[in-house]
Amino acid sequence: MTKVTHFEDLRCWQLARELVRLVFKACEEGKLTKDFETKAQIKKAAVSVMNNIAEGFGRFSNKEFIRFLDFSQSSCIEVKSMTYILEDMDYLSKDKINVIRDKAEETKNSVLSFIRYLRKKESK
905 MTKVTHFEDL RCWQLARELV RLVFKACEEG KLTKDFETKA QIKKAAVSVM NNIAEGFGRF
965 SNKEFIRFLD FSQSSCIEVK SMTYILEDMD YLSKDKINVI RDKAEETKNS VLSFIRYLRK
1025 KESK
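If you're matching positions, the sequence shown starts at 905 in our numbering and goes up one per residue.
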């Protein structure tokens, strides 16, 4: 893997950014616009995915970076969980919910893959 010097170059951060964009756009549609608590919670979870990757990147050790990546993947799971609330409350179309759910899963898998890479690199 090429040495990455900017967090913006990380694939997992790029996916997290896409997830944030999807969530924020969804929060401006349908019945979700009126549920301020749910809207705020899913936005915070999505932003946490992206920001924990960036914050971890700025740490001084892979061990600390991995800790922040773990927070990030946990926030992906939170976003995915919240999509079931959106579905159950009929806040968005099933298609839009699935797009968010799939992006959260893709992002989580990318973060976990990066964690495995860093752990393998650390054990050498």
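Where a beta carbon is used, it is the ideal one built from N, C-alpha and C, also for glycine.
Check	Outcome
Reference F972; option with closest CA among N956, L923, L1022	N956
Start-to-end residues for the alpha helix (DSSP H) that takes in Y1021	998–1027
Contacts around R915, its chain only, beta-carbon distance under 7 Å, and the 5 residues preceding and following it disregarded	S1014
With 16 other Cβ atoms within 10 Å as the buried cut-off, status of G962	exposed
Through-space distance from A1008 to D992, alpha-carbon basis	18 Å
Alpha helix (DSSP H) runs wholly inside the region 939–1008, at least 4 long, in chain order	940–961, 966–992
Through-space distance from F969 to R1023, alpha-carbon basis	10 Å
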